[in-house]
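To start, the structure under review is shown below, and the notes come after it.
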Amino acid sequence: MALVLKNTDLKELAQLYDRISMCTQCGNCKYGYEYGSTENFAAMICPQGDKYQFEAYRGSKGKAALAKGLLSGMIQWSEKTTHVIYTCIGCGACVEMCETDIKDYLLRIFEALKGEAWKFNMGIPEGVKKWSSTIGVNKNPYMEKHEDRLNWLPASVRDSLPKKAEYIYFAGCTASYRQKNIALATFKLLQKLKIDFTVTPDEWCCASPLLRTGQYNIAKEFIEHNRELPEKYGASGFITTCAGCYRTLSIDYVKDPPEGYADKFGKMEGVKVIHTIQLVEDMINKGEIEFEGTFNNIVTYHDPCHLGRHAEVYESPRNVLKAIPGLKLVEMYRNRKFSFCCGAGGGVRGGFPDYSVETSMKRVKEAETTGASIITCVCPFCWRNLNDAIDALKSKMQMLDIVEILEPIVKRK
Ligand code: SF4
Ligand code: SF4
């Protein structure tokens, strides 16, 4: 049946009407598999479908059908509608399976659906409402004071930060307020690598949680603020160890749809955005890094969705890990584009904490089957959710960011 656009009040969604109508409801996106592959990969890759099972929750098929129903007026908004939308983690695994022209717009459609939900104020998770109501003041979704943002640094270092530098280390909210171990390890690593960088108290949330939950009006102010920072500090770009910040700064600030939001907020131009792991890989390739010690452990790497599927950075972390003396890298069954999400993104960790950790527990159990003793990643948000799962499971595994592995054993030649 052809889709007739009736509900034009849903402005964000209506703009995507042409794309939404391209979903054939084939159902390919409900499960991950690879035909033609000698490895015969087949696995559940949608954490939302795995948890809730019903058709609306499984892969992008259900959300596309919902969007069609809402736009045609056949479905009215309800708390259940919001639940279907807000339990999607935005991990993008379903996108990998779609072969029609809706494919590249799916993540944007999910975010537009989340955005429309605010108009109805029915069923938006309390946890999301809570941080949303304070982020404008605090500049972070953790309800922490903005003036405490650099507390992960010793006061003496904070006071001596250069006012101008080639790069700004953009720590992001999770590393600044929760996983300070990663912010500090990155800071020390960049110092050891003799990178000309600074850290700024002017850093605000990159806007990832706002964009991923369709809160465009608030996101605008954050993007406009952060993109001015390089000029203010005479910097040519940002370095970040956060997958979410990397996706947002390098894609949302820069690219037009379907990937980014530059059509809405304007483009950040002439600013480099580098993930720390890309910087290290580049320096290893140029022979600029020397290892002073070994890391004699079996390690498995978890692909953060925002770095892997969203930004297609799969090999840089693996190349760095393979270069570390003594380290043995083993893969989980679901890896790279078929990686299973840690369960934290898309507003899910704040909105549905139990489901979020239940998802990361599935990932930790998968990691346990590899024989590794350490799970590594390059994202403070994944680190946090996976570590909570390790605690909940009383698993013997340990969580370490790659920068935490690198920092004690590298130096610049
Ligand atoms: S989103 Fe793509 S893969 Fe999923 S049902 Fe629609 S057309 Fe098929
Ligand atoms: S983005 Fe992730 S959680 Fe959402 S439907 Fe797709 S695979 Fe499932």
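Residue numbers (my numbering): 10 to 422. All C-beta atoms in this analysis are idealised placements derived from N, C-alpha and C, irrespective of residue type, glycine included.
For ligand 1, is there any heavy atom lying closer than 6 Å to the beta carbon of residue i?
i      : result
Ala73  : yes
Cys100 : no
Cys214 : no
Gln407 : no
Gly41  : no
Gly36  : yes
Could you tell me if residue i is buried or exposed, where buried requires 16 or more neighbouring beta carbons within 10 angstroms of its beta carbon?
i      : result
Arg167 : exposed
Met10  : Confidence in Met10 is poor, its pLDDT being 49 and thus under 50, which makes the residue's placement unreliable; the coordinate value appears in the next sentence. That one is exposed.
Gln224 : buried
Glu108 : exposed
Cys351 : buried
Ser87  : exposed
Thr303 : exposed
Lys148 : buried
Lys241 : exposed
Ile29  : buried
Gln188 : buried
Thr209 : buried
Asn235 : buried
Asp261 : buried
Ile354 : For the record, residue 354 in the displayed sequence is Gly; it is not Ile. Burial call: buried.
Glu290 : buried
So the candidates are the options; which of them puts its Cα closest to the Cα of residue i?
i      : options                           : result
Ser365 : Val412, Cys100, Lys203 and Ile84  : Cys100
Ala398 : Glu105, Glu375, Asp272 and Asn130 : Glu375
Gln34  : Leu22, Ala102, Ser185 and Gly71   : Gly71
Gly279 : Thr17, Asp272 and Leu238          : Leu238
Pro134 : Pro362, Ser185 and Ile298         : Pro362
Ser185 : Ala174, Leu199, Lys154 and Glu175 : Lys154
Ile232 : Glu297, Ser169 and Gly145         : Gly145
Ala216 : Leu288, Arg372 and Pro150         : Pro150
Cys182 : Cys214, Glu175, Pro171 and Asp205 : Cys214
Just curious, the alpha helix (DSSP H) that residue i is in, first and last residue?
i      : result
His234 : Tyr225 to Asn235
Leu80  : Gly68 to Ser81
Tyr26  : Tyr26 to Ile29
Lys60  : Pro56 to Tyr61
Thr368 : Pro362 to Glu377
Ile118 : Leu115 to Phe129
Provide the residue span of the beta strand (DSSP E) that contains residue i, from first to last.
i      : result
Phe247 : Gly246 to Thr249
Glu299 : Ile298 to Phe300
Arg437 : Given a span of 10 to 422 for the chain in the structure shown, any question on residue 437 remains unanswerable.
Lys281 : Lys281 to His284
Leu338 : Lys337 to Val339
Ile411 : No beta strand (DSSP E) holds Ile411; the alpha helix (DSSP H) holding it covers Ile411 to Leu415.
Cys386 : Ile383 to Cys386
Please indicate yes or no: does the CB of residue i lie closer than 6 Å to some heavy atom of ligand 2?
i      : result
Cys55  : yes
Cys97  : yes
Cys32  : no
Cys103 : yes
Gly354 : no
Gly124 : no
**Asked** Pairing CB atoms from the region 73-91 with CB atoms from the region 381-397, are three or more of them under 8 Å?
**Response** no
**Asked** Would you call the region 147-163 and the region 190-210 touching, i.e. three or more CB-CB distances under 8 Å?
**Response** yes
**Request:** Decide yes or no for the touch test of the region 308-322 against the region 51-62: beta carbon pairs closer than 8 Å, at least 3 of them.
**Result:** The region 308-322 vs the region 51-62: no contact.
**Request:** Spell out a yes or no on whether the region 275-292 and the region 242-256 are touching, meaning 3 or more CB-CB pairs, one atom from each, closer than 8 Å.
**Result:** Segments in contact, yes.
**Asked** Within the chosen definition, does the region 251-261 reach the region 297-311 through at least 3 CB pairs nearer than 8 Å?
**Response** no
**Request:** State whether the region 329-347 contacts the region 405-419, with contact taken as three or more CB pairs (one from each stretch) at a distance under 8 Å.
**Result:** The region 329-347 is in contact with the region 405-419.
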